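Note sheet for the following structure.
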Amino acid sequence: MLKSWIATHTGLPSFYSTNDIAIETENGRILNRATSTNPTIVSDALAVPGEVTVYLVGGQRVELVRPNASDKRGAVVMNSNGLGASGALLVNNSDETDWKSDVAISEVGYARWSLRKKPISGKSRILALNEASALEVVGVLESVGPVFIGPAVKTENVPLRCVIVNSVSRSRGRLGRVVFDVSWTESLLSASGAIPILRWEDWAHLGAGWQETTYLELLSQIAGMPA
């Protein structure tokens, strides 16, 4: 059995297969390698909102579109476990970035460049409209591991990025809004975009308490996996 759909609780392209299958995007971003006998259960956190993403799923071509956020200022702020900050806004999508050459220049003028690409560093300003949203942003930014940051609507030349958070400055703006200035460095080793479809917290939010169920049933109830 193979299912490909947009998860209703996250808006992310998602995949379920009873077999371990290879999944990658058309441009070579690998979400899963077929290396075991376990089922494949994965979402793509780096799918660009409002744009068709083409996947090769077990050799089959699949096209999915991550929906744009309703607010054109919407931000993607999510960790590698799928914990996201709802209601966060990205202030001024200027995509401020910088990089430093690691060229080594000898005393006599010879130059030597590294054979490996250096990660880009940058800054993002995130706005939380209320304290509850601010707590969600803090929860993501304090995560141990990479974080996904970028616009939640299709924005020309401003990509979603997988980053390591270097520092965060918090201040309070007008009307009780909370502003986060985030300095980050792009994470080149963790940029597949693969995250779990469900978390334990998603199950807890159902409010039905602990009861006998299956992961497939939860995929249908919470993530809207088609029958």
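If you count by the working numbering, then the sequence shown holds residues 17 to 243, one letter each, in order.
Here a beta-carbon is modelled for each residue, glycine too, at the ideal position from N, C-alpha and C.
On a predicted model such as this, the values are computed, not experimentally measured, just so you know.
Status (buried if at least 16 other CB within 10 Å, exposed otherwise) for residue i
i, result
"V163", "buried"
"S183", "exposed"
"S208", "buried"
"A127", "exposed"
"E202", "buried"
"S185", "exposed"
"T69", "buried"
"Y231", "exposed"
Test item: CB-CB of residue i and residue j under 7 Å
i, j, result
"L151", "G166", "no"
"G27", "R82", "yes"
"W21", "S30", "yes"
"L99", "V156", "yes"
"V169", "A85", "yes"
"S137", "D114", "yes"
"S59", "G161", "no"
"A101", "V174", "no"
"V107", "L143", "yes"
Start and end residues, beta strand (DSSP E) containing residue i
i, result
"I142", "137 to 144"
"Q262", "Nothing about residue 262 can be reported from this structure: the residues present for the chain run from 17 to 243 only."
"V153", "Looking at the DSSP string, V153 is not in any beta strand (DSSP E); the run it does join, the alpha helix (DSSP H), is 147 to 157."
"A91", "91 to 95"
"P29", "29 to 33"
"I264", "Since the first and last residues shown for the chain are 17 and 243, residue 264 lies out of range."
"S183", "177 to 188"
Alpha helix (DSSP H) segment containing residue i, residue limits
i, result
"G166", "Counting along the chain, G166 falls outside any alpha helix (DSSP H), though it belongs to the beta strand (DSSP E) covering 163 to 167."
"D218", "216 to 220"
"E233", "231 to 239"
Nearest-angstrom Cα separation, counted from residue j out to residue i
i, j, result
"V93", "M17", "32 Å"
"I213", "A239", "8 Å"
"V195", "K139", "13 Å"
"R190", "K134", "38 Å"
"T41", "V73", "9 Å"
"Q76", "L234", "26 Å"
"R49", "R193", "42 Å"
"V179", "H25", "23 Å"
Item to check | Continuous beta strand (DSSP E) assignments of at least 3 residues falling wholly in the segment 105 to 138 | outcome: 112 to 114
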